[in-house]
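The block underneath contains the structure these notes are about, expressed in structure tokens.
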Amino acid sequence: MLKLDDICLTFHPGTVNEKQALKNLSLHLNAGDFVTILGSNGAGKSTLFNTIAGTFLPDSGTITLDGRDITKLPDYRRSKQIGRLFQDPLKGTAPHMTIEENLALAYLRATPTKSPFSMVSKHDQEEFREKLAMLNLGLEDRMNQPVGLLSGGQRQALTLLMATLVTPKLLLLDEHTAALDPATAELVLELTKKIVAENRITCMMITHNLASALALGNRTIMMADGRIVLDLNAAQRKGLTVDDLLRMFRSQGLDNDRILLSAE
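Numbering-wise (the numbering used here), the sequence shown opens with residue 115 and increments by one.
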């Protein structure tokens, strides 16, 4: 479904600041896979997402999504097929626009048969309301309020809904609960599991939380220095503990990363 073959990406080549961010990275995902991604700061996790989403174009290698080569496709064209959430709840929404307007923008942008300048119908508006009600946050009764008035957790839940309003082929979650308090983070994670499972979305989620990495999805990969150093399928993950993962980190020479990872 998603294939990355021999991806290389270097920042500031030929300068004193040259950094090879992705090194001959290959990764194949099947449709419906939910992959959790671990690694320290600078391991290349967000760079990988930016390359898949089209923010960065690789120096070499190919990216194929659902059988189509998207290696050189611009990011705005990929956004119709790839949904994304960031760590910062302020990203992904327009704060001065209403909840309904934000949903309408997301819906029109991701719908191949509609123009971004189209009008949404009353039927569309009712569907927005029904989708919001599924979040159990009362947002369906606040559709005319600016998004800027929402809490961080409410905005992240809304962004999740916007990213999946039209089911994407791939969903990228870049530590999307890291900036939330524990109770709100748990709520957003539960919503994530529900939406991904119900729509059978192929999903990749970056996390520093080892427990979440083992509990969510069907596969876990570990990155270091721009490479994938460990790839665990469902059978290999079964029965693993947080301590087991920490030992695997140490076996890769990443013992100093322990402080960056949460077992909570």
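Just so it is clear, CB atoms sit at the ideal spot from N, CA and C, and this is done for glycine as well.
This one's a predicted model, so the numbers in the text were calculated from it and none came from an experiment.
{"query": "Contacts around residue 351, its chain only, beta-carbon distance under 7 Å, and the 5 residues preceding and following it disregarded", "result": "328, 334"}
{"query": "Whole-angstrom distance between residue 291 and residue 247, CA atom to CA atom", "result": "21 Å"}
{"query": "DSSP three-state assignment for residue 336, whether helix, strand or coil", "result": "strand"}
{"query": "Any 3 or more C-beta pairs closer than 8 Å across the region 163 to 173 and the region 269 to 279", "result": "no"}
{"query": "Bridge partner(s) assigned by DSSP for residue 260", "result": "212"}
{"query": "Proximal residues to residue 298 (C-beta, below 6 Å), its chain only, five neighbours per side dropped", "result": "267"}
{"query": "Presumed contact (8 Å Cβ cut-off) between residue 261 and residue 316, rounded CB distance", "result": "About 27 Å separates the two Cβ atoms, so there is no contact after all."}
{"query": "For residue 275 and residue 64, the rounded distance between their alpha carbons", "result": "This structure cannot speak to residue 64, because the chain is shown only from 115 to 378."}
{"query": "Own chain partners of residue 189 with C-beta closer than 8 Å, once the 5 adjacent residues on each side are dropped", "result": "167, 168, 169"}
{"query": "Residue 410 versus residue 116: straight-line alpha-carbon distance, rounded", "result": "Since the first residue shown for the chain is 115 and the last is 378, residue 410 is missing from the structure and cannot be characterised."}
{"query": "8 Å contact criterion, which residue 243 and residue 257 should meet: CB distance rounded", "result": "7 Å"}
{"query": "Residue 129 and residue 173 closer than 8 Å at C-beta", "result": "no"}
{"query": "Reference residue 289; option with closest CA among 159, 191, 146", "result": "159"}
{"query": "CB-CB length for residue 279 against residue 318, believed under 8 Å", "result": "Rounded, the Cβ-Cβ distance is 19 Å, inconsistent with contact."}
{"query": "Minimum length 3: unbroken beta strand (DSSP E) runs contained in the region 291 to 363", "result": "316 to 320, 333 to 338, 341 to 346"}
{"query": "Cβ-based neighbour list, residue 259, same chain, cut-off 8 Å, excluding 5 preceding and 5 following", "result": "212, 213"}
{"query": "Segments of 3+ residues assigned as beta strand (DSSP E) that fall wholly inside the region 130 to 188", "result": "133 to 143, 148 to 152, 174 to 179"}
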